[in-house]
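Each residue of the sequence shown is one higher than the last, beginning at 1 in full-length UniProt numbering.
No residue lacks a Cβ here, since even glycine has one placed at the ideal position from N, Cα and C.
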Amino acid sequence: MANNDSILPNGIYEFHWTYTNEDRNSSDYFIYDTVKITNGKLEHLNIPCHRALLGKYRKNFKYKTTKDKKKFSVKGIVNVWKDTDNSKINILFDKNNIKNSDIEKYKLQSSSQYGKYKAEKIVLKIVKTQEHKGDNFICNSEVVKFKSYSPKSAKEMLGGLKKIKTQEVYGDLYYPKTDKKKVPLIITIHPSMGFVPTHHFKFFNNLGIAVLDVQTFKSRGIDKQWEYIVSEEAATIDAYAALDKISKDPRIDKKRIAVMGFSYGAMAVVNTHQKFFIDIIKPKNKFMAHIAYYPLCYLYKNIETAKAPLYIFIGKEDRLTPYEYCEDYSQKVKEGGGTVVLKVFPGATHRFEWENLKNPIYISTFNEHKKEFISKKLDPSYPRYNIGEDVPDVTAPNGWSYFSLQDEEFRKKLFKECCNVKSLLEYNKNAATESKLIIKKIFNVN
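Given below as structure tokens:
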């Protein structure tokens, strides 16, 4: 054990783990951990409501910088990184010393169902803080529980929901400060990251709109990112189950409830708009609007939809969920008599409304992660594309008209286009602002 002068002093600390790799030109907060150090021993604090960075609690104190040429020892700082499979792996640094700086870079090699990813780096930043309970906005949310189901695919839903395993799901209800007896509400469905940034909830609460943030992953015991174990069909059922539950709340105007999803969650929102899923789920209530931020739009031969409008917000520079797919899908919806509003924002990328992406990042491993997901979806036997049809047709990338998924050569081309690209994620103020203005018009609020 090093002497006391080289041990991280006793106290409460925020450990900010960020990660980067060869394909990124900047890093982004990835893990936020609060720990207590006592005589060199580390204890993880189970602080509730810590999903938002707790910056307002930080003191203006950072542990010694490189100029101080000091080392400190904290035994037990291992197994704190959780990779995409929620398995614990070691941080590969000197077991007893983090040398010379409060910021260090380390190599890691993680493995998951998608394969191994090497040469990523972890950056650790340690900030001294004080004891706290968490972000008041998050902590003041209410938990709403409801019964849902966990189908693995649309095929499993064809015979109805009775034979599918039931699942208790919960959501966090953020209710605005208001004197009104009833308020409108937005049900949010998170992306594959597993969470929705809280700035969305605060924005809508300030407009007098309540938010019910459905925890599709966490309700099923999944604390992972970039994960597709839970099908978007399950998230679709979650959305309607949440609707029927929250419609009973006397504080909520059940005629003014919309559903809004992001990426993976937006795919579920597109499903909620389709009569095929509505007829199977048989909800007691209806959404006034379906709002999808950058979904991956599949193309069906026959599309029947709900009477309520579908809004699709997507960036023209989005390489994860190409806007061309949604153009074709929107045209099919209109041909079927449905109402869809497609907004393609010039210069905008995936996650264009995320305020924490003002420093852009590039990702390519995300697309590698999606390989197995896409492979499953492209299985010709998968009913999503061919309900009532023998040969499925979907939109092809780069303007290739339509193709049979049974064409093996074409599949290889699709994998190459969809999975081996570097994608930019960046906040776009104009796109974010315009999309929010549209939502304000939907609810007729200022």
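Straight-line spacing of the CA atoms in I439 and K245 works out to 23 Å.
According to the DSSP assignment, K147 belongs to the beta strand (DSSP E) that extends over 142-149. At the C-beta level, I209 and I186 come within 8 Å of one another.
In the structure shown, the three-state DSSP call for F313 is strand. Scanning I442, N285, R351, P176 for the CA closest to the CA of S141 turns up P176. One alpha carbon belongs to N205, the other to Y174, and they sit about 7 Å apart.
The segment 424-431 and the segment 343-361 touch, with three or more beta-carbon pairs separated by less than 8 Å.
The straight-line gap separating the alpha-carbon atoms of R256 and K181 is approximately 14 Å. The Cβ atoms of Y323 and V344 lie closer than 8 Å to each other.
Counting only runs that start and end inside the segment 244-303, the beta strand (DSSP E) elements of at least 3 residues fall at 252-262, 289-293.
Here P250 is exposed, its C-beta having fewer than 16 other C-beta atoms within 10 Å. Shown here, T349 sits in coil according to DSSP, grouped into three states, outside any helix or strand. Spatial neighbours of M267 in its own chain (CB-CB distance under 6 Å, excluding positions within 5 residues in sequence) are listed in chain order as E232, P295, L296. Within the same chain, and ignoring the five residues on either side of V183 in sequence, the residues whose Cβ sits closer than 7 Å to its Cβ are P176, G208, I209, A210, R251, I252, D253. Nearest Cα to L212 within the set F146, I303, N359, R319: F146.
DSSP places K358 in the coil class of the three-state scheme, outside both helix and strand. Scanning A154, F443, Y170 for the CA closest to the CA of L243 turns up Y170. The alpha carbon of D279 has as its nearest neighbour, out of H200, L357, Y240, N446, the alpha carbon of Y240. Of the other Cβ atoms in all chains shown, 16 or more fall within 10 Å of the Cβ of N271; this residue is therefore buried.
If you draw a straight line from the Cα of E355 to the Cα of G159, it comes to about 42 Å. When secondary structure is reduced to three states using DSSP, Y174 falls in the strand class. With 16 or more other Cβ atoms from the protein chains shown falling within 10 Å of its own Cβ, G315 counts as buried. D179 counts as exposed, since fewer than 16 other beta carbons sit within 10 angstroms of its beta carbon. Of all alpha-carbon atoms in S263, V230, V144, K202, the one lying nearest the alpha-carbon of P151 is that of V230.
Annotation: L158 is outside any beta strand (DSSP E) and is labelled neither H nor E by DSSP. Distance from the CA of K275 to the CA of K36, rounded to the nearest whole angstrom, comes to 52 Å. Pairing Q167 with S247 gives a Cβ-Cβ distance that is not under 8 Å. In the same chain as A308, and ignoring 5 residues on each side of it, the C-beta atoms closer than 8 Å to its own belong to H273, K286, F287, M288, A289, H290, T339, in chain order. Less than 8 Å separates the beta-carbon of L357 from that of L425. About 18 Å separates the CB atoms of L320 and S330; that is not less than 8 Å, and the two are not in contact.
For V214, DSSP records a beta bridge to G171, I189. Restricting attention to Y149, F313, V214, the CA atom closest to the CA of I237 is found in Y149. Note that the C-beta distance between P191 and F277 is not below 8 Å. A residue is called buried once 16 or more other Cβ atoms fall within 10 Å of its Cβ, and T198 is buried on that count.
DSSP lists no bridge partner for L207. Counted as a single uninterrupted DSSP element, the alpha helix (DSSP H) harbouring S435 occupies residues 429-443.
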